[in-house]
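In this note's numbering, the protein residues as written are 3 to 281.
Below is one structure, written out as structure tokens; comments come after it.
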């Protein structure tokens, strides 16, 4: 129930006064208990109580950016979910992927989507890509208390910069630390338990100016390499037909590859690895 809600049905003043362009700031006044980082937690570590999401990769390409995530969520040594979706559109031109505590990560991602939509409705304009990254950073910072108890969430943010002078370099990637610090990455990045292996694969194969199609293939190969060495990262599941979620952000907006498109890429990667397991 919103703070100060009148049982008679009247909305409290916070709903009728001049608003703020930040939905998170509004929620901190209207119903602070609904913010992920404002909920009271019992003492002690809680890291093993919730499923964890892994691994996300992002690659800048000519004319945009590609983001892909595996589908596995783990709880200790168990597979908690085989088909979780960790990559989503943040708005019309940007993408966000989450690693860490799955439930809080999904909630934070949805709140970020509302944050960007709310700003656009109030201000009548879209935030710059840097502004979006800063808004996400402040939301991560608000979850620091829960992160210190083991419920950390680390997102990866990428998008097409409408203000870029060179469209070929408009795809930008931002990573974050647990305190909310934003960092712009050059070329590619990965987060999650398999990120070390994914970035090692990307380091050898990435080239400036990759086409979107080549970046999609490289992202799926990097996830395959991560799954090869990290038990918490799920590789393409040909039996259940579960494949990575792959999305692009270009001047035309965000786009998710269809299941058939992703299957064709993933099955091609698996087929080539049957002949050359090391890639």
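All C-beta atoms, glycine included, are put in the ideal place defined by N, C-alpha and C.
Same chain only: Cβ atoms within 8 Å of residue i, ignoring 5 sequence neighbours per side
i, result
"residue 169", "65, 253"
"residue 187", "60, 175, 176, 177"
"residue 275", "226, 281"
Run of the beta strand (DSSP E) containing residue i, from where it starts to where it stops
i, result
"residue 178", "173-178"
"residue 115", "Careful: residue 115 lies outside any beta strand (DSSP E), inside the alpha helix (DSSP H) at 104-125."
"residue 160", "155-162"
"residue 269", "First-last for residue 269: 261-277, but that is the alpha helix (DSSP H), not the beta strand (DSSP E)."
"residue 82", "80-83"
"residue 258", "255-258"
"residue 147", "Per DSSP, residue 147 belongs to no beta strand (DSSP E); it is in the alpha helix (DSSP H), 146-150."
Bounding residues of the alpha helix (DSSP H) (the contiguous stretch that carries residue i)
i, result
"residue 214", "214-231"
"residue 135", "131-143"
"residue 92", "Note, residue 92: premise wrong, no alpha helix (DSSP H); beta strand (DSSP E) at 89-93."
Within 8 Å, strictly: CB atoms of residue i and residue j
i, j, result
"residue 272", "residue 240", "yes"
"residue 76", "residue 225", "no"
"residue 97", "residue 161", "yes"
"residue 102", "residue 70", "no"
"residue 146", "residue 95", "no"
"residue 250", "residue 89", "no"
"residue 227", "residue 208", "no"
"residue 195", "residue 232", "yes"
"residue 238", "residue 268", "yes"
"residue 134", "residue 118", "yes"
Burial state of residue i (16 or more Cβ within 10 Å)
i, result
"residue 278", "exposed"
"residue 62", "buried"
"residue 3", "For residue 3, the pLDDT reaches just 47, beneath the cut-off of 50, and the residue's location in the model is therefore unreliable, although a value from the coordinates is still provided. Exposed, by the Cβ-count rule."
"residue 167", "exposed"
Nearest-angstrom Cβ-Cβ length linking residue i and residue j, presumed shorter than 8 Å
i, j, result
"residue 190", "residue 204", "5 Å"
"residue 104", "residue 55", "4 Å"
"residue 229", "residue 72", "6 Å"
Cutoff 7 Å; reference residue i; Cβ partners in own chain excluding five residues on either side
i, result
"residue 81", "74"
Residue i CB to nearest heavy atom of the ligand NAD below 7 Å
i, result
"residue 210", "Of ligands this structure carries none, so the ligand NAD is not represented either."
Own chain, CB closer than 6 Å to residue i, minus 5 neighbours either side, in chain order
i, result
"residue 23", "121, 124, 125"
"residue 128", "122"
"residue 245", "238, 264, 265, 268"
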